[in-house]
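Data first, discussion second: the structure below is written as structure tokens.
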Amino acid sequence: MSNDFLIKNAKEIQVVIDNNAPEIEKLDQEIGDGDHIFNVQRGIKLVIELEPIIKHLSMSKALNQIAMKILSGIGGSSGALFGTLFMTMAKVSNIDNGVDYKKAINMFADGVEAVKQRGKADVGEKTMMDVLIPVANCLKQGVEKKKDLKDLMREAIEEAEKGMISTKDLLATKGRASFLGERSKGHIDPGARTSQLMIRTVCMSILNT
Amino acid sequence: MSNDFLIKNAKEIQVVIDNNAPEIEKLDQEIGDGDHIFNVQRGIKLVIELEPIIKHLSMSKALNQIAMKILSGIGGSSGALFGTLFMTMAKVSNIDNGVDYKKAINMFADGVEAVKQRGKADVGEKTMMDVLIPVANCLKQGVEKKKDLKDLMREAIEEAEKGMISTKDLLATKGRASFLGERSKGHIDPGARTSQLMIRTVCMSILNT
Amino acid sequence: MKKFLNSTDDFLKESLQGFGAAHQDIITCHYDPNFIIRSEATKKGKVAIISGGGSGHEPMHGGFVGYGMLDAACPGFVFSSPSPDQMIAASEKVEGGAGVLFIVKNYSGDIMNFQMASEMMTGASETVLTNDDVAVEDSSFTTGRRGVAATIVVEKIVGSLAESGGSLKECKSLGDKVNRNSGSMGVALSSCIVPAAGKPTFELGPDEMEFGVGIHGEPGRRRDKVQPAQEITNKLLEAIIEDLKLEKNDEILLFVNGMGGTPLTELYLLYDNAKKTLDNKNIKITRSLVGNYCTSLEMQGASITLTKLDQELKKHWDSPVHTAAMRWGL
Amino acid sequence: MKKFLNSTDDFLKESLQGFGAAHQDIITCHYDPNFIIRSEATKKGKVAIISGGGSGHEPMHGGFVGYGMLDAACPGFVFSSPSPDQMIAASEKVEGGAGVLFIVKNYSGDIMNFQMASEMMTGASETVLTNDDVAVEDSSFTTGRRGVAATIVVEKIVGSLAESGGSLKECKSLGDKVNRNSGSMGVALSSCIVPAAGKPTFELGPDEMEFGVGIHGEPGRRRDKVQPAQEITNKLLEAIIEDLKLEKNDEILLFVNGMGGTPLTELYLLYDNAKKTLDNKNIKITRSLVGNYCTSLEMQGASITLTKLDQELKKHWDSPVHTAAMRWGL
Ligand SMILES: Nc1ncnc2c1ncn2[C@@H]1O[C@H](COP(=O)(O)OP(=O)(O)O)[C@@H](O)[C@H]1O
Ligand SMILES: Nc1ncnc2c1ncn2[C@@H]1O[C@H](COP(=O)(O)OP(=O)(O)O)[C@@H](O)[C@H]1O
Ligand SMILES: [Mg+2]
Ligand SMILES: [Mg+2]
Ligand SMILES: [Mg+2]
Ligand SMILES: [Mg+2]
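Residue numbers (my numbering), protein chains in the order written: chain A, 12 to 220; chain B, 12 to 220; chain C, 927 to 1256; chain D, 927 to 1256.
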């Protein structure tokens, strides 16, 4: 994993998110406050604008810059959560001398664990954790079991999709949707949807190389 | 003219105004502030509620009670104008010993003159004066020319209608519609319309006796 | 119609009752006839300042009754001028021996009803007529211009003079001066709904605005396509600046007024845009007011008022005021 | 979408600029990161009170920065919590040596961002979390209840204590107490439009209302047919009274809050209706507040907040305050 990889993926994610913007907007209007899509779009734009700055930085510094940009540029739940993800990844030791896919997966899993601490939500509470945690687990196990990278990417894509869909029938107990009680049921969680789209995009880009 | 005549006509006017309420409401919405119909309906209701009180009063006292009720109960331009009309009629001398139709017409003409002073509007300014002044003139001349009462009533109805219609193409120079300038053209004045309807009702009731 | 009310007949009464109860430290409401007076009696020898007009413009005028501003306010029905008995009853309560000054917005109905009140009451009275709305062409052959948000500026400044001992004549003449020094113009993005009517007074297309609108949902100068805030602001300012013949280095009060349904953020944005334009023209904003002060029920829209200031006006603007809707220095 | 703006990107910036310019006697706005502080520096030894949250609730919180209330406010994007850098920068400016108290509404986004700020900054800080919205069921397994209009009551009362020398611990504990003593519930008659979205967050039928609505256009407890104001009021009061376990002779603050698009007349009518019901129950209204304080953009609607009062709370409620949106005793 390189800084170029980060920027390239951010750009691909931007296209995917933009293409799905109306749906994501609607999801947060139904069970949230309607700002999720704008938060995410603003964040991605800011990350992409970092390209000239982070191009020549070490991986840890680059990730930290991205984390700070996300944290300060997004706001809301997603700013804190995605910011924490990257901030934690930046802190993983020994990442400035090359990051192979095992290392990358560990970084991601550490990040997800920190996000879980930050938001205090676990699987089953109808948040982005319903995507992030199963994907992190699947990837970690895949590494342990020394699975083929491409197979693993395909599994992760499936896992993300399953997690995202699972939020539909869940009762929200964390985040803004929890205020709705029973009325939160029947809608996919917006943060789960954006997380799933981002994960799919990154996995696809690895599959295509 | 008797107090019974006043109340009976107020009741008939109520029916007529209620039947035409949507049209009158629309007229004041187009070139005014939309309250004219409510002002007029409130005023008529209050006058009719006076019945038990004014039944046994002299004509001058009865008219004065009506004037005060209109003045305090309506507000807006129409409260001041219709209030002035009745207040002036109440002050005409010698009305407590019977009012024949000549006297009644003089009372009305005096009232209209006072309304004209109060509002400082003359014929051609797109207000109720475009109905009241021509009708008062027609009635006064009819009395001078000793016209047949019923013929005179038919003439007054026509005169009122002509005056009301004339306001449509006029440029408003007095009242709220004047603020619209050229945009006031093409709409009948609401006060002219209610005045015309009231005059027609009273004249018809005389024709039918 | 979606409003918080129980019946359109009781709307005004219940609202006044709530106002009276919520602000009993400052004002007292009287009913039948309706009027609002300060909870403290008028000082002997102080000119009593009384305003009034149709309801639906809250906090105007009841919200401005209190120390340093009005002695009484007479609310009519929604958008209908009050009736003479209200002004007469209020005058009797607040007259302090130095006469009554009526502050009246230039509408036929208001003028006639206040005039009848002055004729019917016994004590001395004078009237300041406000007609600051530059959207309407002025002319001595017509009713002339509407009185709108500058009425509040007149009430504040004249209220201060009365408090500091100004005579009836002095109050009248200062009021006229503030009115002459003020110009306003408004724009509506949506209509308002008179409770008794239950439906919007006018219909605006989804991309239309009413430019030069009055404060009763009366049509304005023209219907326009919605424009960026900076353009709207510039057009409003141009008309006012021309009318007041404002010049470089003139000092002004910039008053951005909401019509009731527009959030504060947008009013402050208009303030920002107006400031940019006035800064460019070197017109000095030395006093400011932003908020919903002279409203039209739930109408979305705003107006801008400029008042040319001098030492005297600034002094009376800054002096303490203690009312439900405007309070400072105390 | 009809709003006074030039571009949705510049909306917040221009609005803040206008706010800063219109109230430069009281506050100063800083940009990138955005925060609003008093124009006078914090007294040495005074606890600094900082609040913040998404924009779109004006005058909350910027309108409450000033003597006797907040030292700083951090506005996020519309309906998005501010980010940690804003709170950190504001803290650095207003810290007076006695620590920082954050007043945070109970939303995941706000909590996480304020938490990260406290972790990242150097000085001592405490947080008061407001969660007064009784429309939401409380539970330790969930996010719990929303923080809504009572946040302003907390800010006023804690602001007063801080001004009079209360320690960080005392301020935190008084804030928690005010929050515990407060309950709120709201109802929406129309939706609001997030500028970036350009269309209503939700659709309400012409005869529908959203009962128990939040302050971001989030759906509430249920969708109901519109009801007479007295019935709506009674339902809101019932839920709050039950939650606070209010009893005969309890003293309360009755706070009728507008959501932004509802005119004052209707808010006072709700006050009147609430007073009737509370009078009947012998619950004593000894303090009142009516107006648009905690809004949701241009939403039509209102909320009622009750705060159970004792001597301490009354003293701090009455003490002088001098901010853009709340001013008395000074
Ligand atoms: N405590 C939490 N833990 C994990 N994810 C959360 C939490 N709270 C909210 N989220 C996620 O954040 C998403 C909403 O993000 P966004 O709309 O940007 O912020 P906000 O809810 O503050 O408006 C939700 O869809 C959910 O996936
Ligand atoms: N100066 C005036 N002289 C005569 N009639 C007037 C004058 N001003 C207004 N009117 C009449 O009053 C009518 C409007 O009455 P109403 O709607 O009750 O009062 P307002 O205009 O105060 O809302 C107008 O249609 C017009 O006929
Ligand atoms: Mg959201
Ligand atoms: Mg009218
Ligand atoms: Mg009227
Ligand atoms: Mg949000």
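Glycine is no exception: its CB is placed at the ideal position from the N, C-alpha and C atoms.
Since the structure is predicted, the reported quantities are computational estimates derived from the model, not experimental observations.
What does residue i reach in chain B if we use C-beta pairs closer than 7 Å?
i	result
Y1033(C)	R187
V1120(C)	G45, D46
For residue i, go through chain D and note every residue whose CB falls closer than 7 Å to its CB, in chain order.
i	result
V1152(C)	K928
Q40(A)	T1127, F1128
N50(A)	S1006
When the Cα of residue i is compared with those of the options, which residue comes out closest?
i	options	result
K127(B)	I106(B), K179(B), D111(B), L96(B)	L96(B)
I1083(C)	F937(C), I975(C), A1251(C)	I975(C)
A1016(C)	R964(C), K969(C), Y1033(C), V1054(C)	R964(C)
H949(D)	E966(D), F937(D), S1006(D)	E966(D)
D935(C)	V1074(C), G944(C), P1121(C)	P1121(C)
G1085(D)	L1100(D), R1071(D), V1074(D)	L1100(D)
K56(B)	A73(B), I24(B), C149(B)	I24(B)
S1066(C)	G90(B), S89(B), V58(B), S189(B)	S189(B)
R53(A)	L218(A), E193(A), I85(A)	I85(A)
D1059(C)	Y957(C), G1138(C), E940(C), K1151(C)	G1138(C)
Chain A partners of residue i, CB-CB under 8 Å?
i	result
V1004(D)	D46
For a quick check, are the C-beta atoms of residue i and residue j less than 7 Å apart?
i	j	result
N1218(C)	G1186(C)	yes
T1056(C)	A1076(C)	yes
K185(B)	T1069(C)	yes
A1155(D)	F930(C)	yes
K970(C)	G1022(C)	yes
F875(C)	D44(B)	The structure shown does not extend to residue 875(C), since chain C is modelled only from 927 to 1256, so the question has no answer here.
I1178(C)	I1209(C)	yes
Which residues in chain C sit within 7 Å of residue i, going by Cβ to Cβ distance?
i	result
S88(B)	S1034, G1035, M1038
Using a cut-off of 8 Å between C-beta atoms, extract the partners of residue i located in chain D.
i	result
I85(A)	S1006, S1009
S981(C)	T1191
For chain B, find out if any of its Cβ atoms is closer than 7 Å to the Cβ of residue i; answer yes or no.
i	result
E984(C)	no
V1062(C)	yes
Identify the contact partners of residue i in chain C, using a Cβ-Cβ distance below 9 Å as the criterion.
i	result
K1201(D)	Q943, G944, A947, A948
L1162(D)	Near L1162(D) there are no residues of chain C at all, since even the closest Cβ is about 11 Å away, more than 9 Å.
Hey, is residue i's beta-carbon within less than 7 Å of any beta-carbon in chain A?
i	result
H1242(D)	no
A1123(D)	yes
R1213(D)	no
Closer than 7 Å, CB to CB, is residue i near chain C or not?
i	result
N219(B)	no
P1001(D)	no
R1149(D)	no
E1081(D)	no
For residue i, return the contacting residues in chain A, with the cut-off set at a CB-CB distance below 9 Å.
i	result
G1143(D)	Q40, D44, G45
M1185(D)	Result: empty, since nearest Cβ-Cβ is about 14 Å, beyond 9 Å.
Going along chain B in order, which residues have a C-beta closer than 8 Å to the C-beta of residue i?
i	result
T1069(C)	T184, K185, G186, R187, S189, F190
List, in chain order, every chain B residue whose beta-carbon is nearer than 9 Å to that of residue i.
i	result
A1075(C)	Correct list: empty, because the minimum Cβ distance to chain B is about 15 Å.
Using the beta-carbon of each residue, which ones in chain D are nearer than 9 Å to residue i?
i	result
N932(C)	P1154, A1155, Q1156, E1157, L1195, N1199
L160(A)	Ordered by position in chain D, no residue passes the 9 Å Cβ test against L160(A), which lies about 33 Å from the chain.
Does residue i come within less than 7 Å of chain D when only Cβ atoms are used?
i	result
A91(A)	yes
T1191(C)	yes
E940(C)	yes
R165(A)	no
R129(A)	yes
R1253(C)	yes
R211(A)	no
(request) Give, in chain order, every unbroken run of the beta strand (DSSP E) that is at least 3 residues long and sits entirely within the segment 1103 to 1176 of chain C. (result) Runs found: 1108 to 1114, 1134 to 1137, 1148 to 1151.
(message) Threshold first: 4 residues or longer. Then list the alpha helix (DSSP H) segments lying entirely within the segment 131 to 181 of chain A, N to C.
(response) For the segment 131 to 181 of chain A, whole alpha helix (DSSP H) runs of length 4 or above, ordered along the chain, are 140 to 155, 160 to 177.
(message) In chain order, what are the residue ranges of uninterrupted beta strand (DSSP E) at least 3 long that sit wholly in the segment 931 to 984 of chain D?
(response) The segment 931 to 984 of chain D contains these whole beta strand (DSSP E) runs: 953 to 956, 961 to 964, 974 to 981.
(request) May I have a chain-ordered list of the beta strand (DSSP E) segments no shorter than 3 residues that lie completely inside the segment 978 to 1066 of chain C? (result) Runs found: 998 to 1004, 1026 to 1031, 1051 to 1056.
(message) If we require 3 or more residues per run, which beta strand (DSSP E) segments fall completely within the segment 1207 to 1246 of chain D?
(response) Taking only runs of at least 3 residues, the beta strand (DSSP E) segments lying wholly in the segment 1207 to 1246 of chain D are 1210 to 1217, 1227 to 1234.
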